[in-house]
Amino acid sequence: MSLCPKSQRLPPQKASDVPSPGRYNPLLHDPSQDPCRKDPLEIYKAPRNKESDPDPDTFGLYNSDQEHYDNIRGSRPRSRALSTPATPSKHHKELLRLETKLSEYESNITHLRETLQKSEQTTKEIRNALNKSENDYESLRSEVSRLKKQLHGAAGLHAQVIAPETEHDKGKKRRENDISNFKTELRSAETRASQSSKRNQSRMSQKDEFRLLTSFVLPAKVLQSSDSDVRSLGLPTLDLHLARLSIGHQAIAQAIPESWCAKESAIDPEQIVKALNSTIQSHREQSPASLNSLRVRLTVGPSQAVSLVTSTMPAIALTKLLVSIDDRPTTYEGEPFLLTKTTYRSHYDHTRSRHGAKYEPKEGELFDVLMFNNSRQVTETTISNIAIRRKKQLSCLDDGNSSSDPWITPHLSCGLLNGVRRQFLLGQGEITEGIIMVDDLINQGLETWEMICFNEVRGLYHVNLIDLNGNLQDGSHQAS
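This is the structure in structure tokens:
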């Protein structure tokens, strides 16, 4: 008979309430823990033992129904395995991972919503700007259409009023162009004058002591004569030499105002004759028995200083000398030292040096260079004047053959040094002035033309003209 009061007894179990053999029944396994022996309310109100009863909030779930029942009963001793906190289950870890990922998705969704709101705002602003631009475009089209109508309406007035003004403007523009062209030409002329002045100053800086020059030959018979005055010795070109010095003095004085020629009076011919007589007398006294022809180099410098240098005559070549055509033109305009014979021969020396010309050439070597101006007109060589003709030469100049064609020497207007021998031959009618084109000499050569050179020292001599490649113009080849 049970000692439990009737009110605290459990109702009799029905057949359906009896657990199956495989079902866990704590009453059957632990009858000492009969709930009738304690008040269920007291069980819930009993204080929790923190050491043996873990906080359900910390672990969330109990390990089994037995643990849940034991907590309710509060009187069953705990097992050793339940006295420590339980490890989170696999499902619990998966739940935590999913909750973390869900939180990330929610954060991304929030960010995307904010971005979408900003994009919608920007799109709205762009749409408003586009609408405004379309409105402005329509307004501008309307304004252009209105102006076109006004322009077509005023076309007649424009033709009547504006046209005369346009013609006036054209005339004014033509006058302005003429004035501009004139100013340009004036500036160009001033530039050329300035450049010429600078060239002259440069020349003067290099040759402040240049001297007027003339050269000639004193024949042996003149030296052997007993006459003391050179004027009576029968020198046919003496007056031409004196005139050359005087004319050269005046030309340089006008071309170069800074030169000594412009600062001194004209040359006194008598002073030159006196110096020449003294030189002749000195040679007579030194070697009276062996007086041969002398080459005289007469110069006049500042303060009318006259200088005479004599030397023996150069050897006369037995064969024709070689003359090459220059490979570039020579500018004679504004170059007084190319038109007057002086001791300043920079251009001539440079031309000879470029071609390798020698004053005493060996066989096959070049002797002189034929020059031409910017218009390709032949002028002279570096040491002589020249003349050409079609085949043969005049009876007084050749070796017995005669021809009706005259010798033609370049005209003085081509820009050349007017040599004394040239003046003498022109005065004798042996040669005539003309224009000789360098292209004719190059193309036709000595098959059509013959060429002679002449000056006061060497006299007259024949030459063979060669082109820039060293080929003789008569068809033969000469080694350079």
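Per the working numbering: the sequence shown = residues 823 to 1302. Even for Gly, the Cβ is constructed at its ideal location relative to N, Cα and C.
Indicate whether residue 1238 and residue 1204 have their beta-carbon atoms separated by less than 8 Å. Not a contact, by the Cβ cut-off of 8 Å.
From the DSSP output, in three-state form, read off residue 1133 for me. Strand at residue 1133.
Where does residue 1146 land, buried or exposed, given buried means 16+ other C-beta within 10 angstroms? If you draw a 10 Å sphere on the C-beta of residue 1146, you find 16 or more other C-beta atoms in it, and that means buried.
Identify the residues that DSSP records as bridge partners of residue 1230: which are they? Under DSSP, residue 1230 takes part in a beta bridge, and its partners are 1210 and 1254.
If you drop the 5 nearest sequence neighbours on each side, which residues of the same chain put their C-beta closer than 8 Å to that of residue 950? So no residue of the chain qualifies.
Determine the contact status of residue 1074 and residue 1158, defining contact as a CB-CB distance below 8 Å. By the CB criterion at 8 Å, residue 1074 and residue 1158 fall inside the cutoff.
Euclidean distance between Cα positions of residue 780 and residue 1008: Only positions 823 to 1302 of the chain appear in the structure, and residue 780 is not among them; the question remains open.
Within 10 Å of its beta-carbon, does residue 957 have 16 or more other beta-carbons around it, so buried, or fewer, so exposed? By the 10 Å Cβ count, residue 957 comes out exposed.
Using the beta-carbon count (16 or more within 10 Å), is residue 1127 buried or exposed? When all chains shown are included, residue 1127 counts as exposed.
Would you call the segment 1249–1262 and the segment 1182–1201 touching, i.e. three or more CB-CB distances under 8 Å? Contact annotation: the segment 1249–1262 touches the segment 1182–1201, with at least three C-beta pairs closer than 8 Å.
Spell out the partners DSSP gives residue 1159 in its beta bridges. For residue 1159, which the question treats as bridged, DSSP gives no partner whatsoever.
Pick out whichever of 1092, 1057 and 1050 has its Cα sitting closest to the Cα of residue 1067. Looking at the Cα atoms, 1092 is the closest of the given residues.
Looking at the strands, I want to know which residues DSSP matches up with residue 1277. As computed with DSSP, residue 1277 is found in a beta bridge with 1281.
Indicate whether residue 1244 and residue 1231 have their beta-carbon atoms separated by less than 8 Å. In terms of Cβ geometry, residue 1244 and residue 1231 form a close pair [threshold 8 Å].
Residue 1078 burial status per 10 Å Cβ neighbour count (16 or more: buried): Answer is buried; the Cβ neighbour count reaches 16.
Out of curiosity, what's the CA-to-CA distance linking residue 1160 and residue 1283? Whole-angstrom Cα-Cα distance: 23 Å.
Along the chain, where does the alpha helix (DSSP H) containing residue 1060 start, and where does it finish? Segment 1060–1077, the alpha helix (DSSP H) holding residue 1060.
When 1164, 1144, 1168 and 1142 are compared against residue 1152, the one with the closest alpha-carbon: Per the C-alpha coordinates, the member of 1164, 1144, 1168 and 1142 positioned closest to residue 1152 is 1168.
How many Å lie between residue 928 and residue 948 at the Cα? One C-alpha to the other measures close to 30 Å.
Between the C-alpha atoms of residue 1170 and residue 998, what's the straight-line distance to the nearest angstrom? Straight-line measurement puts the Cα of residue 998 at about 46 Å from the Cα of residue 1170.
Using only CA atoms, which one of 1247, 1036 and 914 lies nearest to residue 1098? Ranking the options by Cα distance to residue 1098, first place goes to 1036.
Check the DSSP bridge columns for residue 1127 and list the partner residues they point to. In the DSSP output, where bridge partners are listed per residue, residue 1127 has 1123.
Which residue's Cα is closest to the Cα of residue 1082: 1125, 966 and 963? Ranking the options by Cα distance to residue 1082, first place goes to 1125.
Output the distance between the C-alpha atoms of residue 1006 and residue 1000, rounded to the nearest integer angstrom. Going by the C-alpha atoms only, they are around 10 Å apart.
Reference residue 1063; option with closest CA among 1088, 1087, 1095 and 1050: In terms of CA proximity to residue 1063, 1095 leads the group 1088, 1087, 1095 and 1050.
Does residue 1272 come out as helix, strand or coil in the three-state DSSP assignment? Strand at residue 1272.
Go ahead and pull the three-state DSSP assignment for residue 968. Residue 968 falls in the helix class under three-state DSSP.
Buried versus exposed, by CB contacts within 10 Å (16 or more), residue 1287: Buried, by the Cβ-count rule.
So, helix, strand or coil for residue 1108, using DSSP? The answer is helix: DSSP assigns residue 1108 an H, G or I state.
Alpha-carbon spacing of residue 1016 relative to residue 1156, whole angstroms: Distance from the CA atom of residue 1016 to the CA atom of residue 1156, rounded to whole angstroms, is 11 Å.
Sequence-distant residues of the same chain with beta carbon closer than 6 Å to residue 1180, five excluded per side: Its chain contains 1187 as the residues whose beta carbon lies nearer than 6 Å to that of residue 1180, once the 5 sequence neighbours on both sides are disregarded; these appear in chain order.
Same chain, Cβ closer than 7 Å to residue 1178, five either side skipped, listed in chain order: Contacts found: 1188.
From the DSSP output, in three-state form, read off residue 1261 for me. Helix, per DSSP.
Contacts around residue 1101, its chain only, beta-carbon distance under 8 Å, and the 5 residues preceding and following it disregarded: Only 1118, 1130 and 1132 meet the Cβ criterion.
What are the boundary residues of the alpha helix (DSSP H) that includes residue 1152? Per DSSP, residue 1152 lies in no alpha helix (DSSP H) segment and is marked neither H nor E.
Contacts around residue 1120, its chain only, beta-carbon distance under 6 Å, and the 5 residues preceding and following it disregarded: Hits under 6 Å: 1036 and 1130.
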